[in-house]
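So the structure is just underneath, and the comments pick up after that.
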Amino acid sequence: HDGNFFLRSADDSFRMNLSGYIQFRYATNWQNKRDNETIHGFNNARAKLYITGYAMDDFGYKLCFATNGSTGEVYTEEAVVDMKLDDDVKLYAGVTLLPFLREDLMASSTLLAVERACVTKGFGVGFSAMLGAKIDVSDDLKLNVAISNGTIGDKYGYTNFENNSADIAVTGRADWKLAGDWKQMKDYVAWRDDSDAIFVGAAAHYQRTDRDTTSMAFPMDFLAWTADTLWKVNSWTASLAVNGGHYFTDENTDTNAYGTLLQLAYNMDDKMQPFMRYEWSDTRMGGSSDTNQVVSAGLNYFLNKHNAKFTTDLVWCFEGTAVPGSAMVFTGDSYGTGLALNHTATDIDDNQIIAARAQFQLKF
Amino acid sequence: HDGNFFLRSADDSFRMNLSGYIQFRYATNWQNKRDNETIHGFNNARAKLYITGYAMDDFGYKLCFATNGSTGEVYTEEAVVDMKLDDDVKLYAGVTLLPFLREDLMASSTLLAVERACVTKGFGVGFSAMLGAKIDVSDDLKLNVAISNGTIGDKYGYTNFENNSADIAVTGRADWKLAGDWKQMKDYVAWRDDSDAIFVGAAAHYQRTDRDTTSMAFPMDFLAWTADTLWKVNSWTASLAVNGGHYFTDENTDTNAYGTLLQLAYNMDDKMQPFMRYEWSDTRMGGSSDTNQVVSAGLNYFLNKHNAKFTTDLVWCFEGTAVPGSAMVFTGDSYGTGLALNHTATDIDDNQIIAARAQFQLKF
Amino acid sequence: HDGNFFLRSADDSFRMNLSGYIQFRYATNWQNKRDNETIHGFNNARAKLYITGYAMDDFGYKLCFATNGSTGEVYTEEAVVDMKLDDDVKLYAGVTLLPFLREDLMASSTLLAVERACVTKGFGVGFSAMLGAKIDVSDDLKLNVAISNGTIGDKYGYTNFENNSADIAVTGRADWKLAGDWKQMKDYVAWRDDSDAIFVGAAAHYQRTDRDTTSMAFPMDFLAWTADTLWKVNSWTASLAVNGGHYFTDENTDTNAYGTLLQLAYNMDDKMQPFMRYEWSDTRMGGSSDTNQVVSAGLNYFLNKHNAKFTTDLVWCFEGTAVPGSAMVFTGDSYGTGLALNHTATDIDDNQIIAARAQFQLKF
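Protein chains in written order, with my numbering: chain V, 368 to 731; chain C, 368 to 731; chain Y, 368 to 731.
Pasting the structure below:
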């Protein structure tokens, strides 16, 4: 045990780590035009086992068995292998997260709030089967590029070979470190012992759809981009992301969407971290336009850093239309059950959604 | 290895245990009014992996990946974390079994017969997402109380947040030890080296249903209770449970159900344990009433206690109506495929069900 | 770590091994009469975790959590326990592969090509719940016999007790070693340090169907047989299998099918192994007859034996009818998505299927 439980060979050329975490959540949700205004409940949001390690020095692997929080089913969230080409380049292959949005790439166990933002769900491109490369261009610049099945797969990023609708999908992300240490990019917390850190990133995803695949949900091509930054200065953590998405359909009903996520937190010490979040997005589909706004505020209480922490927040969706999942601009569901929100009130201007959430997390 | 395989940190403040068990079963089932009177088959009734342990001394976790015996799918049967408040109080949170019936709380690997009783399936409240506390009131009295999503969830105790139909569910159980050691409460066997033991328990579960949730299967409130005892005296093991369940519907068609389970076993030595079981239940729904009776007899042959054991029994359902699962009084299916019984013969008075079952269990 | 990661007790009477592998695949598929002629995509063909070992010296267990490559779902591919009766006889019970075709019994991680042959998918009897015995008749002859639920179960070899449609299924296989070492039967590679090896095998499977089970897909009895051989001589590996299958229906529309699989490979060294494969099958159903032919050619590149290897091949289906999965002669789908083939072009004579596949495998 050195942070993770592990097994290794005598010469250390093979190693297997066993780890995981459980997130238990309570959420309640009010809507002022629903017949039954309140829904609430407990939820095992996440229960995961990771089997990771290396084999024969140069090869690595990561297998994650995760739990569907709504059904209890276990699925393989990640199964990915990698191979070092040299000290700076690593090839990887498997099902994992496409290298796109910063808040998606942040592990679910190191988020700032109880759950990712609506705007992250809406603009994220999710998990897919991919072949990629991680390149350390310099000590301060990392690239991650992947070709993949794209963002239109089954719910877990898997797809039946016959139904794969992406002709080609290419994703690339660059991360610059302007100050600090790379490991500080792994969470939104300004720990007392850490120095200041500043990161900037940008990513793009382009996907050409196979027009003849019968199962195709989106008969269009698709470009998404993001630019973001993460600051940890004087116990303050600030993160800003600007996202864009553009559908190019064959029937001239192109859709353009823009979103912004601002997160701000202050570490009173290594235990208490109040935070707030503001989200804005605008979707123009054909001639119509829709603006969404959400604000959240909450508190992290770290019993033992991310190993044992309690998080609570209040989410207020006060403008916009909660589009049902099946008509999402991108693949994610911005107001879904995973966020303890829901679609019953589609007109948020008149039927605001307010959700209160509390979560305990234990890593092992 | 000290009974379980484990990994631990040098200072023993972190520990991970890996264990599991496989139950392989053959069952055959006769009914005297079915066209094809006999059905039979092999079945992997259970195949489970447990990852349990503690982290940072005060926190514990339990993750169980289990196999659906009918479909082979893996699901997260339990994912629960706990925190010691002091030596006598432990908080826990996650998906696990509600603290209700004694035979449900007995691990599936330490049952007396091949499978739980029909009456246990019928009156059990099963798995749910909950927040609870285990309290050692004294050396001889333990309390376990929980608030939860209640007994009306998905098949694995999970539920989609939007569809959670319990407004509030509260469950509490008390266990008294009148003689013996608490670890003797974990099975129905009077091992030769053990002293005599006597346990008494009682539990109640109350659930208020959200009347406006569209997915609501049971538009009613629900109270269930049980009182039970377990005796291990002079190589004899006896267990008696009396269960009650009361539905309070909005349309004045209240249902009241009562059930009794008596189990009796004798340890000829630490290898051979013949046993018998008698079950009686009575359900009054509106003006109608139905009485069910089942007797079973069988034998446990312990090759190495519960680590390797062979169990066989004969189950005879001779009175009553085998209600289909969808119309169960409670959530379980008293005559379901998991028991190697089935619903084809609903009128058991005329179409008695007889099942012969044999099972081998290996723990690791 | 001694080839596998393991935990064991001080006296070595208990042991648990943790291992697994990931297969990542790219495949592309052309058909000359499909509107959209090409489909292609990445795929995590397999991602598995094995928990195996022994307990109390005489008992063994194997639990395999596998990933459905099309959906990401985790299922229990194998859960089987065994008990040594003496040095030569081992009883086993659980869900595992029926002891039938040689290419099915070869682990998915030690196949010659990227995937099993069409003719193996077509004639295989797959996984089932069974009770069996492995008998070492002599140093050179091994028997494996099993009674089981047969080949008509759920997709993972599991079945709901009520719906089990096999009255009885019996499978038996004999393996003779004419030269070499038994461990050489575990792959299709003639490693440089190995001596020559010759194996011969034969197996039969008979299944009587329960005529009254409503879920019965195949109201008929069923006999299948195979005879095969594996040669490893002078860096060459050759394997030939001849398979037969006979359905005896109640309506006199008996089906007889015959198939042949020839595999040939040459180890240029322990790194490079070019190979080719030829398949022929003929199915006579009622008065009609259909012949299928497939040829494949490819290359294995072993970075570290089967621990890290790259495999690529080209598959050309040039004669026959690609019967849809629901009308398969046996249970497998000979031209399914798992093989990166598909059913759109049913008339292969006019619409030949060509698939190019490449795969990387890492074991841990």
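Even glycine gets a Cβ: it sits at the ideal position worked out from N, Cα and C.
**Report entry** Within chain V, partners of residue 381 (chain Y) - CB distance below 7 angstroms
**Finding:** Result: empty, since nearest Cβ-Cβ is about 16 angstroms, beyond 7 angstroms.
Query raised in the report: Terminal residues of the continuous beta strand (DSSP E) containing residue 626 (chain C)?
Result: 622-633
Query raised in the report: Between residue 513 (chain Y) and residue 499 (chain Y), is the Cβ-Cβ spacing less than 7 angstroms?
Result: yes
**Report entry** Contact set between the region 403-415 of chain C and chain V, restricted to residues whose Cβ is under 7 angstroms from the partner
**Finding:** none
Report task. Pull up the DSSP beta-bridge partners for residue 610 (chain V), would you. Result -> V:593 and V:626
Requested in this report: Would you identify the three-state DSSP class for residue 487 (chain Y), choosing helix, strand or coil?
Outcome: helix
Query raised in the report: With respect to the beta strand (DSSP E) encompassing residue 449 (chain V), which residues constitute its N-terminal and C-terminal limits?
Result: 441-451
**Report entry** 7 angstroms Cβ cutoff, residue 691 (chain V) in contact with chain C
**Finding:** Unreliable positioning characterises residue 691 (chain V) in this predicted model, as indicated by a pLDDT of 48, which lies under 50. The coordinate reading is nonetheless provided below. Not one chain C Cβ lies under 7 angstroms of residue 691 (chain V).
Query raised in the report: Any chance the CB of residue 430 (chain V) is under 6 angstroms from a heavy atom of the ligand NAP?
Result: Looking at this structure, you won't find the ligand NAP or any other ligand, since it has none at all.
Query raised in the report: What are the boundary residues of the beta strand (DSSP E) that includes residue 686 (chain Y)?
Result: 675-686
Query - Neighbour list for residue 422 (chain Y) in chain C, Cβ cutoff strictly below 9 angstroms - result: 671, 674, 675, 729, 730 and 731
**Report entry** Assigned secondary structure, residue 646 (chain Y) (DSSP; H/G/I helix, E/B strand, else coil)
**Finding:** strand
Report task. Could you check what DSSP says for residue 551 (chain V) in three-state terms: helix, strand or coil? Result -> helix
Query raised in the report: What residue from V:628, V:531 and V:612 has the CA that sits closest to residue 646 (chain V)'s CA?
Result: V:628
Report task. Measure the C-alpha to C-alpha separation of residue 428 (chain C) and residue 556 (chain V) and round it to an integer number of angstroms. Result -> 25 angstroms
Query raised in the report: When the cut-off is 7 angstroms and only beta carbons count, does residue 482 (chain V) lie next to chain A?
Result: Although the question refers to chain A, the structure presented lacks it and instead comprises the protein chains V, C and Y.
Query raised in the report: Ordered along the chain, which non-local residues of its own chain (more than five positions away) have a Cβ less than 6 angstroms from that of residue 446 (chain C)?
Result: 430, 461 and 462
Report task. In angstroms with no decimal places, state the Cα-to-Cα distance between residue 654 (chain V) and residue 688 (chain V). Result -> 16 angstroms
Report task. Kindly say whether residue 476 (chain C), judged by its beta-carbon, lies nearer than 7 angstroms to any beta-carbon of chain Y. Result -> no
Query raised in the report: Taking DSSP as the reference, what is the three-state secondary structure of residue 495 (chain Y)?
Result: strand
Query raised in the report: Got a sec? Which residues, its chain only, sit under 6 angstroms from residue 449 (chain C) by beta carbon, not counting five neighbours each side?
Result: 427, 457 and 459
Query raised in the report: Do you know how far the Cα of residue 534 (chain Y) is from the Cα of residue 722 (chain C)?
Result: 16 angstroms
Query raised in the report: Where does the unbroken beta strand (DSSP E) through residue 413 (chain C) begin, and where does it stop?
Result: 405-422
Requested in this report: Just confirm the distance between the C-beta atoms of residue 438 (chain C) and residue 525 (chain Y), as a whole number of angstroms; I'd bet it's less than 8 angstroms.
Outcome: 5 angstroms
Report task. Using a Cβ cut-off of 8 angstroms, pull out every chain C residue sitting near residue 432 (chain Y), in sequence order please. Result -> 416, 432 and 441
Query raised in the report: Just by C-beta distance, which residues in the region 502-515 of chain C are closer than 9 angstroms to chain V?
Result: 514 and 515
Report task. Compare the beta carbon distance of residue 496 (chain V) and residue 410 (chain Y) with 7 angstroms and say whether it is the shorter of the two. Result -> yes
Query raised in the report: Is any beta-carbon of chain V found at less than 7 angstroms from that of residue 438 (chain Y)?
Result: yes
Query raised in the report: For residue 604 (chain Y), which residues from the same chain have a beta carbon less than 6 angstroms from its beta carbon, with the 5 sequence-adjacent residues on both sides left out?
Result: 555, 557 and 632
Query raised in the report: Which chain V residues sit within Cβ distance under 7 angstroms of residue 375 (chain C)?
Result: 368
Query - Local conformation of residue 692 (chain C) per DSSP, three classes - result: No answer about residue 692 (chain C) holds up, because its pLDDT of 45 lies below 50 and its placement is not dependable.
Requested in this report: Along the beta strand (DSSP E) that carries residue 729 (chain Y), what are the first and last residues, could you check?
Outcome: 720-730
Requested in this report: Return the CA-CA distance between residue 480 (chain Y) and residue 667 (chain Y), expressed in angstroms with no decimal places.
Outcome: 8 angstroms
Query raised in the report: For chain C, is any of its Cβ atoms less than 7 angstroms away from the one on residue 462 (chain Y)?
Result: yes
Report task. Would you mind telling me which residues of chain C sit closer than 7 angstroms to residue 448 (chain Y), beta carbon to beta carbon, in chain order? Result -> 389, 391, 727 and 729
Query raised in the report: Any idea what DSSP makes of residue 476 (chain C), helix, strand or coil?
Result: helix
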